[in-house]
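For reference, the structure discussed in these notes is given below.
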Amino acid sequence: MQPALDSNTLDRLISLGRERGHLTTEDLRASLPVESMSAEEIALVVVHLEETGVPVELEESLLSPNPKPAAMPRQSAEIIPFPGPRANREPSKAKPLQPTKPALLEPRQAETQETSFSPWIVAAAGMLAFAVFALVIFATAG
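Residue numbers for the sequence shown, in the numbering used here: -19 to 122.
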């Protein structure tokens, strides 16, 4: 139940219902803040009243969801026009944070000699591994 409902309010409803033999929707509207209550909260009050022996005659409109207030007009996004052509602007290059030094040039001869032998070394190592593998297979198969 809603915390705003105190036991005095419920006791008054129970005593009124016992005097009359039942409660109506108008009795609930007079004693409870029905307009600010949800359908679930109203149903909990009705269940509590009926558990105490007070029958409640409800209108269907009371338990239907409260009509939503008029929708507020939605605020549309502000449309900002696209800027015109940037023909007169030149793109600016970002300056580096620290000045850089040119890289030292290494002699190309050492690099070309190492790269020219490396494919042959890899191929020779592969052939050696294949030969060892083939010898192991023939030695164990025989």
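Yeah, the Cβ is synthetic: ideal placement off N, Cα and C, and Gly gets one too.
All of these numbers come straight from a predicted model, not from anything done at the bench.
Classify residue i: buried if its beta carbon has 16 or more other beta carbons within 10 angstroms, exposed otherwise.
{"i": "I101", "result": "exposed"}
{"i": "I22", "result": "buried"}
{"i": "V34", "result": "buried"}
{"i": "G(-3)", "result": "buried"}
{"i": "V148", "result": "With the chain covering -19 to 122 only, the question about residue 148 has no answer from this structure."}
{"i": "D7", "result": "buried"}
Ends of the alpha helix (DSSP H) at residue i?
{"i": "E30", "result": "19 to 31"}
Just list the residues that DSSP pairs residue i with in beta bridges.
{"i": "E15", "result": "Answer by DSSP bridge pairing: none, since E15 is not bridged."}
{"i": "L3", "result": "V36"}
Report the rounded CA-to-CA distance for residue i versus residue j, giving the unit in angstroms.
{"i": "M(-19)", "j": "M17", "result": "Unreliable placement is indicated for M(-19), whose pLDDT of 45 sits below 50; no coordinate value is reported for it."}
{"i": "E40", "j": "A57", "result": "41 angstroms"}
{"i": "A104", "j": "S98", "result": "10 angstroms"}
{"i": "E15", "j": "P63", "result": "52 angstroms"}
{"i": "I60", "j": "P79", "result": "40 angstroms"}
Apart from the five residues just before and just after residue i, which ones in its own chain have a Cβ nearer than 6 angstroms to its Cβ?
{"i": "L38", "result": "T5"}
{"i": "G1", "result": "none"}
I'd like the list of long-range same chain contacts for residue i, defined as Cβ closer than 8 angstroms, with 5 residues on each side in sequence excluded.
{"i": "T(-11)", "result": "S11, L12"}
{"i": "P77", "result": "One point to set straight first is that residue 77 is Leu, not Pro, in the sequence displayed. Hits under 8 angstroms: none found."}
Less than 7 angstroms between C-beta atoms, sequence neighbours within five positions excluded: which residues of the same chain meet that for residue i?
{"i": "L29", "result": "L(-7), I(-6), G(-3), L3, V36"}
{"i": "T32", "result": "I(-6)"}
{"i": "V27", "result": "none"}
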